[in-house]
Amino acid sequence: MQDAGCRTQDAGCRMQDAGCRKQDAGCRMQDAGCKKQDAGCKKQDAGCRMQEARCRMQDAGCKKQDAGCKKQDAGCRMQDAGCRMQDAGSRVENWCQITTEARRTLSFYCFLCALRASVVSIVGWRRRRAAKPAPSSRGAGRGWARRPGVPAPRHGG
């Protein structure tokens, strides 16, 4: 009877051993699955790092482009200021040109005025001279000869 009990116990041990082997195989399969999953996670992590590096490079490119845009904008503002200065200079130049032309015209009118005044003065002097009697050498100190038709002064002298 003891022999039958040992056989039963031996059969139970074999069954338990078979169960342990199955469980061990399951653990190995689960371990292999975990390793595959871990490898997948590592690949995904590497992909994320690469994408992050690309994003940093793209961000650096954007910053460079932004700096270039700012420089270009500053250049445009400087060019605009230069254009405004040139426009103002052009206006001053036009004003100077107009002023110079006006001065020339005014100078010409002043010249004409002076010429007219000289002519009037000369004509007036000639008229006054023509209106005065010519000096006489026989006038006995009177200074002017009598014109025909004009009576001599009566105050004596």
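Residue numbers (my numbering): 182 to 338.
Think of the CB as a built atom: it goes at the ideal place given N, C-alpha and C, for glycine as much as any other residue.
Asked, Found
"Between which two residues does the alpha helix (DSSP H) carrying G186 extend?", "Q183 to A312"
"Where C222 and A248 are concerned, what is the direct C-alpha to C-alpha distance, given to the nearest angstrom?", "38 Å"
"Just how far apart, CA to CA, sit K216 and K245?", "43 Å"
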